[in-house]
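Student: These protein sequences, in sequence, are chains H and S.
Heads up: take any position in the first sequence, counting from 1, add 204, and you land on this note's numbering.
Heads up: take any position in the second sequence, counting from 1, add 63, and you land on this note's numbering.
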Amino acid sequence: MSSAIYEELRAAVVQGNSERAKAAATRAIEAKVPPLDAIANGLAKGVREVGDKFGEGEVFLVELIASGKAMKAGMSVLLPVIKASHSKVKTMGKVIMGTVEGDIHSIGKDIVATMLEANGFEVVNLGEDIPAKVFVEKAKELDADIIGLSALLTSSMLKQKETVAAVRAAGLRTKVMIGGAPTTNEWAAQIGADGWAGDATTAANLARALVAKKK
Amino acid sequence: MYELLNRDEIRMLHVAAMEVMERVGVMIQHDGALKSLKDAGASVDDKKRVVKIPEYLLRETLKKCPSRHQMTARNPKCNFVIGGGNSVLTNAFGAHYVNDLQTGQRRLSTVRDLDEFTRLSDYFDTVDYVKPNIMPQDVTQDVLQQTMALSMWKNTEKHCSFLAITPEGWRDVIEMAKAFVGGEEEFRKQPHLIDTGFNNVPPLKYTYEIVEMMLECAKYRIPFDISTGALASASGPVTLAGLIVQGTVENHAAVVLTELAGPGTPIMWGSCGTILDQRHGTAAFGSPEDGLIHAAMCQLAHYYGIPYYGAAGVIDSKVPDAQAAYENMMNALVATLAGADVVHDAVYGIVEAGITGSYEQFAISHDICGAIKRIARGITVTKETLAVDVIAKVGHDMNHLTCDEALEFTKKHLRDEHWQPWVTDRTSRPDWEAKGSKDIVQRAREKVKKVLETHQIPPIDKDIEARMQEIIKRRAKKLK
């Protein structure tokens, strides 16, 4: 019985069908399938499958996003049950993402956020034009593993430097990764960031490596 | 010439753009600009900073925007007109890395690279005016724009378009231009000695800095291009028609606010918008859709009576290979045939879409653009070129290599009729093998090295250079 439900959850996510994912999650609860298993063997499995296919160039970004949404829809049904049982969803780690202050570009950052979610990370997307102190506050508040800083403008790259410095000054153990068209690996090293990624797939691999380092 | 859209389609795009402009509006994060738009009749949501521009206001301000304008250069022989009926070609913009000419290694770019790419731009006759091919990484941000401007002024006699990324840096570059021509009064007479370009933040947004710099241009009537940077399926609709509608609205907002502040400011209405590759999450500039967008946007610019500036010819390939060549040729050619007044990024000395400078690709692209310019010139049909008398003279017993009159005729017309490539191989196989069986990349590398050894630019006046250096020093001090 539970294997059919896992399959239904997985298929709903692969299809990017939020309604179907919610219905499957409801069925899982009714059938007393442990919700954490429903995630691991169903929803998360589906999203990983789509994420891998995206990495291979076999799936479109729009489909990856839809799958991410379907997974979240399924989770929204399961989470109250998980909370009630005082257990916790295991993720790859918690990532805070944002475009730095003075820069309102969003596309690249949003693509990376999608990819990180597909790779099992919990992502809090703060949005654009985010000052250094907000990154620090949120990282503290949410006990984030990684902060992701995006900048598209040559002029806003300096804010990445400022933010890295602020994170260090606050004594946080949070890893910082940066990206954005004008940024380089050399720039990341220069400002003391923990890593640089030039595309979403690399960003996901980097995030995995950073979390492993942290542990 | 290539006309992609028919009249009805242009009209439909226009009507849709007017609806978006009036119903959705554009976010402008600049209170001064919002106020002047409001005073002129636009409706402004002060809280959201969104302006809705009525069509009549657009039409009024479009009247103030020139349909053609001159650009002047260090050397007056290099002056030219934008919107005069010919496509003007420029080089590429802004590489952070360079494939080193000597070692072939990829490394961060330097001011010396900008010097050299600018000197090559001066040498290549396909480059009608010069863009900053390199964004040097060995200069601090506070003096980046100023240092780049000086490098370019020193290394070409052609008209230069400079980088504008911060208002204070851009003001310094304007001060440097004043120093160059001998003061403010002189500069106001020829603000078209310099120009620059801006992108909005799609969808439908303008930042404070960009607007501030556009208003600085308006103050002096410095020409600039405003190019929508929307990516289809990411920061703009997936449909090309929808992307063009959005881009039109984005560009128009800049036209209206600029012409209100400085009537007569020359604006080149442009696009560097393209599609997002949905399989990799990257911008695909070397795509056929990119060319279609240019062709359509060009028709719209001309419908509105403004010159069109298309960033067409950008290469996605990481190396100067067959992919690089086809991408560069396809879209630069389409934009040229569509009648783009400026084809920016045509002579493309970069690979990897704006990221890595390539000396070799620059030389190859010089040939590609030479061919494009030849195609654009078309076939001259006159009584003389129809050559009936020469055909008769040669008759059946001679040919054009044996008949004296034919040889004269060939000598007279050869240079105009036949384009001569620079690095393209048309030799015989024995000849090619005797010369080392080199491919186009190897030949390009050798030729570029030779040009850089020999092509010299007359120095600029020492006092003028000292004054420019002073402006740079002052800014560096201020930040300390």
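The beta carbon of each residue, even a glycine, is placed where N, CA and C say it ideally should be.
Bear in mind that the values here come from a model prediction, so they are computed numbers and not experimental data.
Interface residues of chain H around S:Leu294 at Cβ under 9 angstroms?
Tutor: Those are Ile311, listed as they occur along chain H.
Student: How is S:Asp408 classed by DSSP in three states: helix, strand or coil?
Tutor: Correct three-state label for S:Asp408: strand.
Student: Thinking S:Tyr271 and S:His407 are a contact (beta carbons under 8 angstroms), I'd like their distance in whole angstroms, please.
Tutor: The pair is not a contact, with the Cβ atoms about 25 angstroms apart (cut-off 8 angstroms).
Student: Does DSSP classify S:Tyr283 as helix, strand or coil?
Tutor: In the structure shown, S:Tyr283 sits in a helix (DSSP, three-state: H, G or I).
Student: Pull up the distance between the alpha-carbon of S:Leu267 and that of H:Ala397, whole angstroms please.
Tutor: Going by the C-alpha atoms only, they are around 32 angstroms apart.
Student: So, helix, strand or coil for S:Phe187, using DSSP?
Tutor: Coil, per DSSP.
Student: Residues of chain H with a CB under 7 angstroms from the CB of S:Ser290: which are they?
Tutor: Going along chain H, no residue has its Cβ under 7 angstroms from S:Ser290, so there is no contact; the nearest lies around 15 angstroms.
Student: Leaving out the 5 sequence neighbours to the left and right, which residues in its chain are closer than 7 angstroms to S:Thr544 when beta-carbon positions are compared?
Tutor: This structure gives no information on residue 544 of chain S, because the portion of chain S shown stretches from 64 to 543.
Student: Give a yes or no on whether the C-beta atoms belonging to S:Asp109 and S:Leu120 are separated by under 9 angstroms.
Tutor: Going by C-beta atoms, S:Asp109 is not nearer than 9 angstroms to S:Leu120.
Student: Along chain H, in chain order, which residues have C-beta atoms closer than 8 angstroms to that of S:Arg342?
Tutor: Ordered by position in chain H, the residues that pass the 8 angstroms Cβ test against S:Arg342 are Phe258, Gly261, Glu262, Val263, Phe264, Leu265.
Student: Using the C-alpha atoms, what's the distance from S:Ala347 back to S:Ser491?
Tutor: Computed Cα separation, rounded: 37 angstroms.
Student: Where S:Leu256 and S:Gly232 are concerned, what is the direct C-alpha to C-alpha distance, given to the nearest angstrom?
Tutor: S:Leu256 and S:Gly232: Cα-Cα distance of roughly 17 angstroms.
Student: Just to confirm the assignment: which complete beta strand (DSSP E) runs, minimum length 3, are found wholly within the segment 110-148 of chain S?
Tutor: You should have 113-115, 132-134, 143-145.
Student: Sort S:Leu477, S:Glu275, S:Leu152, S:Gly305 by Cα distance to S:Thr221 and report the nearest one.
Tutor: Note that residue 221 of chain S is Lys in the sequence shown, not Thr. S:Lys221 has its Cα closest to that of S:Leu152, out of S:Leu477, S:Glu275, S:Leu152, S:Gly305.
Student: Verify whether the separation of the beta carbon atoms of S:Ala158 and S:Asp176 is less than 9 angstroms.
Tutor: Yes, the Cβ-Cβ distance between S:Ala158 and S:Asp176 is below 9 angstroms.
Student: Establish whether the CB of S:Thr337 and some CB of chain H are separated by less than 9 angstroms.
Tutor: Chain H, which has no Cβ nearer than 9 angstroms to the Cβ of S:Thr337, makes this no.
Student: Check the C-beta distance from H:Val371 over to H:Ile351 and give it rounded, since I have them as a contact under 8 angstroms.
Tutor: Right, their Cβ atoms sit about 6 angstroms apart.
Student: Taking 9 angstroms as the threshold (beta carbon to beta carbon), is S:Thr166 in contact with chain H?
Tutor: S:Thr166 does not count as touching chain H.
Student: Quick one: which chain H residues come within Cβ less than 8 angstroms of S:Gln25?
Tutor: The structure shown does not extend to residue 25 of chain S, since chain S is modelled only from 64 to 543, so the question has no answer here.
Student: Any idea what DSSP makes of S:Ser296, helix, strand or coil?
Tutor: Coil, per DSSP.
Student: Shortest alpha-carbon distance to S:Ile145 belongs to which of S:His365, S:Asp430, S:Lys541, S:Arg440?
Tutor: Cα-wise, what sits closest to S:Ile145 is S:His365.
Student: DSSP three-state call for S:Ser491: helix, strand or coil?
Tutor: If DSSP states are grouped into helix, strand and coil, S:Ser491 belongs with coil.
Student: Can you round the beta-carbon distance between H:Gly250 and H:Met275 to whole angstroms, since I take them to be within the 8 angstroms contact cut?
Tutor: So it is a contact: roughly 7 angstroms between Cβ atoms.
Student: Listing by chain order, which chain H residues have their CB less than 9 angstroms from the CB of S:Ile50?
Tutor: Residue 50 of chain S cannot be examined here, being either before or after the span of chain S that is shown, 64 to 543.
Student: Spatial neighbours of S:Val514 within its chain, please: C-beta separation below 7 angstroms, excluding the five flanking residues on both sides.
Tutor: Taken in chain order, the residues that qualify are Leu183, Tyr186.
Student: DSSP puts S:Ile435 in a beta bridge; with which residues?
Tutor: Looking at the DSSP assignment, S:Ile435 forms no beta bridge with any residue, so it has no partner.
Student: Output the boundary residues of the beta strand (DSSP E) element that contains S:Tyr160.
Tutor: Segment 160-162, the beta strand (DSSP E) holding S:Tyr160.
Student: Taking the C-alpha atoms as reference points, what is the distance between H:Ile419 and S:Lys115?
Tutor: Note on residue identity: the sequence assigns Lys, not Ile, to residue 419 of chain H. About 52 angstroms.
Student: Which class does H:Ala373 belong to by DSSP, given the choice of helix, strand or coil?
Tutor: Three-state DSSP puts H:Ala373 in a helix.
Student: For a cutoff of 9 angstroms on Cβ pairs, would you count H:Thr388 as touching chain S?
Tutor: Yes, H:Thr388 lies at the interface with chain S (some Cβ there is under 9 angstroms from its Cβ).
Student: Would you be able to state if there are at least three C-beta pairs under 8 angstroms between the segment 393-406 of chain S and the segment 165-181 of chain S?
Tutor: With a cut-off of 8 angstroms, the segment 393-406 of chain S and the segment 165-181 of chain S do not count as touching, because too few Cβ pairs lie within range.
Student: Quick check on S:Trp332: does DSSP put it in helix, strand or coil?
Tutor: Of the three classes helix, strand and coil, the one that applies to S:Trp332 here is strand, per DSSP.
Student: Considering only residues of the same chain and omitting the five flanking positions on each side of S:Leu68, which have a CB-CB separation below 7 angstroms?
Tutor: Hits under 7 angstroms: Ala359, Gln362.
Student: So with CB distances below 8 angstroms, who are the chain H contacts of S:His198?
Tutor: In the sequence on display, residue 198 of chain S carries Met and not His. Within 8 angstroms Cβ-Cβ: Thr358, Pro386.
Student: Assuming H:Leu247 is part of the alpha helix (DSSP H), what are its boundary residues?
Tutor: Per DSSP, H:Leu247 belongs to no alpha helix (DSSP H) and is neither H nor E.
Student: Please list, in chain order, the chain H residues whose beta carbon lies closer than 8 angstroms to that of S:Leu171.
Tutor: Residues of chain H passing the Cβ test: Thr388, Glu390.
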